[in-house]
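A short write-up of the structure that comes next.
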Amino acid sequence: MNVAYSSSDRGEVGAWRKSVPVLLQLLCDAELGHVQVLLEYHLPYSPRRVDALLCGVHPDTGSPSYVLIELKQWENATMVGPALVKAVKRRDQPDLHPAEQVRRYCRYLLDFTPSLARRPGSVKGAAYMHNALRTPEWNLDEFDYDDFGQLYTQDQLGDLVTDLTALLDPDPRSTGAAVAAARELVEASQAPARTLLKTAAESFAGRRDFVLLDEQKVAYDLVLQAVEKAERRQPSEQWQKTVVLVRGGPGSGKSAIAISLLTALARRRKRALHATGSKAFTETLRRYVADGSDRAEGVFKYFNNFDNVAPNTLDVLICDEAHRVRDNDHVPARWRDRNPPQVATLIDVAKVPVFLLDENQAVRPGEAQTVQRIAEVAAAKGCRVERVDLDGQFRCGGSPYYDEWVMRLLGFLEGGPIRWTDLADGAEDEYVVDSAPSPDALERWLCRQAENFGGTARIAAGFCWDWHPPIRSNGKSTLVDDVVIGGWRRPWNVMQGHQVDGVPSASYRASDPAGFGQIGCIYTAQGFEYDWAGVIFGSDLVIRDGRWRAQPEKSRDKAVNRTPAAVFGRLVRNTYKVLMTRGMQGVCLYSVDPETNDFLREYSR
1 MNVAYSSSDR GEVGAWRKSV PVLLQLLCDA ELGHVQVLLE YHLPYSPRRV
51 DALLCGVHPD TGSPSYVLIE LKQWENATMV GPALVKAVKR RDQPDLHPAE
101 QVRRYCRYLL DFTPSLARRP GSVKGAAYMH NALRTPEWNL DEFDYDDFGQ
151 LYTQDQLGDL VTDLTALLDP DPRSTGAAVA AARELVEASQ APARTLLKTA
201 AESFAGRRDF VLLDEQKVAY DLVLQAVEKA ERRQPSEQWQ KTVVLVRGGP
251 GSGKSAIAIS LLTALARRRK RALHATGSKA FTETLRRYVA DGSDRAEGVF
301 KYFNNFDNVA PNTLDVLICD EAHRVRDNDH VPARWRDRNP PQVATLIDVA
351 KVPVFLLDEN QAVRPGEAQT VQRIAEVAAA KGCRVERVDL DGQFRCGGSP
401 YYDEWVMRLL GFLEGGPIRW TDLADGAEDE YVVDSAPSPD ALERWLCRQA
451 ENFGGTARIA AGFCWDWHPP IRSNGKSTLV DDVVIGGWRR PWNVMQGHQV
501 DGVPSASYRA SDPAGFGQIG CIYTAQGFEY DWAGVIFGSD LVIRDGRWRA
551 QPEKSRDKAV NRTPAAVFGR LVRNTYKVLM TRGMQGVCLY SVDPETNDFL
601 REYSR
């Protein structure tokens, strides 16, 4: 038996020691010892890994045959929804049914592997709870099993062996063909990564849906369960509203969940709306996802659109980027005296309010919403609260390390900064991290990457330069080159409310092909993604004696630079964290401060 495994997922070693020997012994007992086993098989553009992928040939056709296996050490599990289970001694939030988990891994693999998509019958999926005995009270048989998702327990070992030998030829003379099948899969070309906007537009049009994985699907299912519960209640029945809180870092799939829910609820003819606090993100969703249709403005809203809406008018309100929901402490007193906190209004307006947030992406005073704060308001209103934590990120090439690298570099995690090559050493991590000696070199790097590897590129910078409206001369508007670093001069994106021929508005700078020539700031970058990200650190955040020092006097963001020093320090680090996590394939960093640039160049190696 040839066993290949990834050395990159170090946290799984303990699980391997307990589960993998069970699988390998099972294969030997089933006379499948010649089957090729890929352990911790990395799904493209994601942080997810299949526990084991068995490669062989089908006994009847001789064609390549693949079986994805998820191994569970659980001793029990009880159904708590159509595809959700609770396992004793596990975390508070439900888990995806193991068969649903592996089913979605199969779909995801087919989605990004064209050679397999042409013959989907060659892929099967199974979950094996090797420490559990199946009992009727678990209700696990209520799940809708299929070829992509089967479940076996310890007492069903014989069934599992029978099914595996029906999919993988037990004849040892097929060893060479099994090796070839494994090589074919490992070397198979992958479909290009799709942007959030492109997939969202396809989902909205009913052409293609997001394949939500693991906790993403748990959050999605919890919302639909809450909707069904609200729908079943009788008029005279006392009803407890459910508020769903979903927390995840950059690229963890929050917006994918939001769009998936929006399209699914629309198909069910539910009144569901999407809301954010970002003009750029909302306008872009209206243009690219809803294709500028008449209903675009009616579907994609702002948080402040619901101040005068009657309670429970909506079936579902999906609050994306909910960390930007405003605190009353930062609104005019005359408004504060007459209105409840904005989060309370958003809870009231829908039968099922959904909040998706990243507490480390708050970049302005008043954007201080946390899971705890929202849960406290919900509890005070007598609501039931469901919480889901998303782990991993799907944006930066699915790199399991890049988010950790950023968090350590900016001082959000203990352990201090670490060189990128040291952190990703020996890992199958293709995300590109680099730095540049000058802004001109950074710009050339982006152009070279986009030309050689394809995709979009954008530069974003800290808000450390004045931002002027376009100059009007001879009936023509021209952008001002505000961002000046030595001899290098570039304009900011167009100021809101202004137009310049041939240049996209501020809201579309990140998504319009003509947006490369302008420098974006946090307000036109947050919520967006592009293939290649260039980030310019301004003088508002510098390194001194190996530690970050915030310099609010260097910031031109009046909404932020007047805050107390400690608050500014947190917000400005959040800002650069957001800018550094926009790239899908790679990032290049530069700082105008020489000491800081030396630091970036040292740790981006």
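Here the sequence shown stands for residues 1 to 605, where the numbers follow UniProt numbering. Virtual Cβ for every residue (Gly too), placed ideally from N, Cα, C.
{"Query": "DSSP three-state label for threonine 524, please.", "Result": "helix"}
{"Query": "Can you look up threonine 153 in the DSSP assignment and give me helix, strand or coil?", "Result": "strand"}
{"Query": "Please report how far the alpha carbon of arginine 448 lies from the alpha carbon of glutamine 518, in whole angstroms.", "Result": "18 Å"}
{"Query": "Looking at the unbroken alpha helix (DSSP H) that takes in methionine 407, where does it start and where does it end?", "Result": "402 to 409"}
{"Query": "According to DSSP, is serine 591 part of a helix, a strand, or is it coil?", "Result": "strand"}
{"Query": "Which same chain residues, not among the five before or five after serine 604, have their C-beta less than 7 Å away from its C-beta?", "Result": "Trp420, Val433, Asp434, Ser435, Leu589"}
{"Query": "Note down, one range per segment and in chain order, each beta strand (DSSP E) of at least 3 residues found wholly within the UniProt domain \"AAA+ ATPase\" (240 to 376).", "Result": "242 to 247, 272 to 276, 300 to 302, 314 to 319, 350 to 357"}
{"Query": "Assuming cysteine 319 contacts phenylalanine 303 under a Cβ cut-off of 8 Å, what Cβ separation, rounded to an integer in Å, is found between them?", "Result": "7 Å"}
{"Query": "Quick one: Cα of alanine 30 to Cα of histidine 58, how far?", "Result": "15 Å"}
{"Query": "Cutting at 8 Å between CB atoms, please list the residues of its own chain near valine 211, excluding the five before and the five after it.", "Result": "Arg104, Arg107, Tyr108, Asp111"}
{"Query": "Between Pro470, Gly397, Ser511, Ile418, which has its C-alpha nearest arginine 458's C-alpha?", "Result": "Ser511"}
{"Query": "Hey, which unbroken runs of the beta strand (DSSP E) at 3 residues or more fall wholly within the region 119 to 154?", "Result": "123 to 129, 150 to 153"}
{"Query": "Spell out the partners DSSP gives aspartate 221 in its beta bridges.", "Result": "Aspartate 221 pairs with nothing; no bridge assigned."}
{"Query": "By the DSSP assignment, the beta strand (DSSP E) with tryptophan 74 in it spans what residues?", "Result": "Looking at the DSSP string, tryptophan 74 is not in any beta strand (DSSP E), and its letter there is neither H nor E."}
{"Query": "Where do the N-terminal and C-terminal ends of the beta strand (DSSP E) with lysine 476 fall, by residue?", "Result": "476 to 478"}
{"Query": "State the Cα-Cα distance for the pair proline 491 and cysteine 521, rounded to the nearest angstrom.", "Result": "11 Å"}
{"Query": "Label alanine 117 either buried or exposed according to how many other C-beta atoms from any shown protein chain fall within 10 Å of its C-beta, with 16 as the threshold for buried.", "Result": "exposed"}
{"Query": "Touch check for the region 568 to 580 and the region 467 to 484: three-plus C-beta pairs under 8 Å?", "Result": "no"}
{"Query": "Is serine 63 buried or exposed, if buried means 16 or more other CB atoms sit within 10 Å of its CB?", "Result": "exposed"}
{"Query": "Give me the Cα-Cα distance between aspartate 155 and methionine 129, rounded to the nearest whole angstrom.", "Result": "10 Å"}
{"Query": "Among Asp146, Asp348, Pro82, Leu213, which has the Cα closest to the Cα of leucine 140?", "Result": "Pro82"}
{"Query": "Let's see if you can read the secondary structure: which residues bound the alpha helix (DSSP H) around arginine 49?", "Result": "Per DSSP, arginine 49 belongs to no alpha helix (DSSP H); it is in the beta strand (DSSP E), 49 to 57."}
{"Query": "Could you tell me the boundaries of the alpha helix (DSSP H) in which alanine 510 lies?", "Result": "No alpha helix (DSSP H) contains alanine 510, which DSSP labels as neither H nor E."}
{"Query": "Thinking C-alpha only, which one of Asp389, Arg395, Val244 is nearest arginine 194?", "Result": "Arg395"}
{"Query": "On a Cα-Cα basis, can you pick out the residue from Arg183, Ala266, Leu96, Gln190 that is closest to proline 114?", "Result": "Gln190"}
{"Query": "Starting from valine 500, follow its DSSP beta bridges and name the residues at the other end.", "Result": "Val503"}
{"Query": "Which one of Val218, Gly397, Pro120 has the shortest CA to CA distance from proline 192?", "Result": "Gly397"}
{"Query": "Can you tell me whether DSSP reads aspartate 540 as helix, strand or coil?", "Result": "coil"}
{"Query": "Proline 21 by DSSP, collapsed to three states: which one?", "Result": "helix"}
{"Query": "Taking all protein chains shown into account, decide if glutamate 187 is buried (16 or more other Cβ within 10 angstroms of its Cβ) or exposed.", "Result": "exposed"}
{"Query": "Alpha carbon to alpha carbon, what distance is there between alanine 87 and arginine 529?", "Result": "At residue 529 the sequence reads glutamate, which differs from the arginine that was named. Glutamate 529 and alanine 87: Cα-Cα distance of roughly 36 Å."}
{"Query": "Determine the direct distance from the alpha carbon of asparagine 312 to that of serine 255, and round the result to whole angstroms.", "Result": "23 Å"}
{"Query": "Using three-state DSSP, classify glycine 176 as helix, strand or coil.", "Result": "helix"}
{"Query": "Out of Ala258, Val316, Thr596, which has the shortest C-alpha to C-alpha gap to serine 438?", "Result": "Thr596"}
{"Query": "Distance check for glutamate 414 and valine 363, CA to CA, integer angstroms please.", "Result": "22 Å"}
{"Query": "Figure out for me which residue from Asp348, Gln551, Trp532, Thr284 has the closest Cα to the Cα of serine 539.", "Result": "Gln551"}
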